[in-house]
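All the letters of the sequence shown, read from the start, carry residue numbers 37 to 381 under my numbering.
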Amino acid sequence: MTVPVLTVDLAAFESNLERMRARVAPAQFMLVVKDDAYGHGVGAIVQRAAANGVEWFAGYDVRTALEVREVIGSAGSQRIVALLADGDYAHAVAAGIELGVGDTETLQEIVAASPHAPARVHVKIDTGLHRNGIRPEEWADAIRLASALESEGRLDVVGIWSHIAEASDAEDDEAQEIFAAAVRQAATAGLRPGVHHLAASAAAHARPEFRYDLTRIGAFAYGIRPAGGPSESELGIRPIATLQAPVVRVDGASAQIAIGALDGLASTLAGRMQVRTPAGARRLLEVGEDSCVVEGWSGAAPGQLVGVWGADAEASATDAAEQIDTIGEEIVTRLSPRVARRYVG
Ligand SMILES: *Cc1c(COP(=O)(O)O)cnc(C)c1O
37 MTVPVLTVDL AAFESNLERM RARVAPAQFM LVVKDDAYGH GVGAIVQRAA
87 ANGVEWFAGY DVRTALEVRE VIGSAGSQRI VALLADGDYA HAVAAGIELG
137 VGDTETLQEI VAASPHAPAR VHVKIDTGLH RNGIRPEEWA DAIRLASALE
187 SEGRLDVVGI WSHIAEASDA EDDEAQEIFA AAVRQAATAG LRPGVHHLAA
237 SAAAHARPEF RYDLTRIGAF AYGIRPAGGP SESELGIRPI ATLQAPVVRV
287 DGASAQIAIG ALDGLASTLA GRMQVRTPAG ARRLLEVGED SCVVEGWSGA
337 APGQLVGVWG ADAEASATDA AEQIDTIGEE IVTRLSPRVA RRYVG
C-alpha cells in the first residue's frame, strides 16, 4: 500500500449513535451525512446507521439525499431530508425526499415541479445566522402561503426548523425565542407540522430545551468533539476514524510518509503535531504536496504505517484542528478521494 488510508470503525460509529440517540430521547435523532458523511463515506455510514435503526437522514443538497435513497432503497420507513432544496425537485419528490425550504420562491418552484404528489417540506425560519431561511418579518406571509397551498393539497408542511450558531448560550437563547414565536405563528395559521427541529450536536447534547421533536446530529455521531469544548469522554463519544500513511522512504534521522497537502492534509500542521509510529510518538516535521517528513525511529522501514490523526493516533482530528485554529470537521472533510477508505467493525 503506498496511499494513505482512512480506516472507519463502524462499531465505534454505532456506539456513538446509540449514545447520542439515548441522550436526545424522547426527541428523535436525524443523522446528518453532508460532505460525504463528514468524509467517512456516505454509503457505508448510511447502511450501518439504517441497520442500527436510524430513522431520519439529512443531506444538505438534493444530490446527497438521493444518494441516501440509493443506499437504503424505498421499502423502509426511513425519512430523508435535503436540508436546502437546491433543484431537481420533481425527481426528489418522486424519490420521497423531503425538502428544506428557506424562501417562498423555492416553495413555489417546488409546488410547480410536483403537480401530482404534494411535496413534503420543512420550512426554515432564519433565527439569526442569516445564511438562509425566511426572515422573521417575512414569516407570516410565507406561512400564509404554505398554509394555503397545503389546504389545496399541493404541499405538505411536515416540519419547521432553524439552525443556530451554538457559539454562545445567550445567542442561542435569542434564536430560540425567535423560533418559538415562529412555531406559534405557524400553529395559528393552521399548520400542524409533525416535527420541529433546531439543535445540532452541541445544543442537542447540552440543552434539553433545544431538542423539540427532532435533533440533527453530525459531528458527535462521527466522534468529532467541538474545538475548545468538552472532551470525548465527557460527551460519551469517541472518534471513529484513523488516518494512516505508509512509510515510503527512510533518510537517516527522518522518515517520509505517503500523505501530503494534495491528500487534504493541512500544510500548516507541520511542526505542530505528533504522529504515531510503530516506535511511538514522533514529530511531524514537514508537509509537502504528496508526502510528509516525520522524525525517525530505529527500525523504520518502508511499508510501516504511521497514524496521522484519529482514534489510533496521537491526536484526534479536533486536537489537530486546535493547533491551526480550525474545527475537527474541517480536518476530516477536506481529505481528498485519493485517500482510500477502509471499514472495520
Ligand atoms: C451540519 C449541520 C448539522 C449538523 O451539525 P453538527 O454540529 O455536525 O452536529 C445540522 N444542521 C444543519 C443545517 C447543518 O448544516
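Backbone N, C-alpha and C fix where the C-beta goes; we use that ideal spot for every residue, glycine too. Only a predicted model underlies this, so the values are computations on that prediction, with no experimental measurement involved.
The C-alpha of G75 is placed about 21 Å away from the C-alpha of C328. In this structure, L120 lies away from V147, with their beta-carbon atoms at least 8 Å apart. Annotation for R370: no alpha helix (DSSP H) segment contains it, and DSSP assigns it neither H nor E. A distance criterion of 7 Å places the beta-carbon of H199 in contact range of ligand 1, judged by its closest non-hydrogen atom. Using a C-beta cut-off of 8 Å, the segment 268 to 275 makes no contact with the segment 333 to 340, since fewer than three inter-stretch Cβ pairs fall below that distance. Counting the other CB atoms within 10 Å of its CB gives S352 a total of 16 or more, which places it among the buried residues.
Cβ-Cβ separation between R261 and G364: approximately 7 Å, consistent with a contact (criterion under 8 Å).
Going by C-alpha positions, N88 is about 22 Å away from E268. In the three-state scheme derived from DSSP, where H, G and I count as helix and E and B as strand, V380 is classed as strand. In this structure, D124 lies away from A155, with their beta-carbon atoms at least 8 Å apart. For L67, no alpha helix (DSSP H) encloses it; the enclosing beta strand (DSSP E) starts and ends at Q64 to V68. When DSSP states are grouped into helix, strand and coil, P172 belongs to the helix group. Relative to ligand 1, the beta carbon of A236 is positioned inside 7 Å of a heavy atom. Contact between V368 and A277 holds: their C-beta atoms lie close to 7 Å from each other, under 8 Å.
In this structure, A63 and R247 form a Cβ contact; the two beta carbons are roughly 4 Å apart against a cut-off of 8 Å. Annotation: the segment 258 to 291 contains the following complete segments of the alpha helix (DSSP H) (minimum length 4 residues), in chain order: 268 to 271. Taken through DSSP and simplified to helix, strand or coil, H152 comes out as coil.
Between the beta-carbon of A223 and that of P172 there is about 16 Å, and that puts the pair past the 8 Å contact cut. For the 8 Å CB-CB criterion, V375 and L42 form a contact. Approximately 6 Å separates the beta-carbon atoms of G95 and V104; this is inside 8 Å, confirming the contact. Within the segment 339 to 369, the beta strand (DSSP E) runs of at least 3 residues that lie entirely inside it are, in chain order, 341 to 346. The straight-line gap separating the alpha-carbon atoms of G316 and P244 is approximately 41 Å. I161 is the residue among T313, I161 and A257 whose C-alpha sits nearest the C-alpha of E174. The three-state reading of DSSP puts T142 in helix, counting H, G and I together. For E188, the secondary structure class from DSSP, reduced to helix, strand or coil, is coil.
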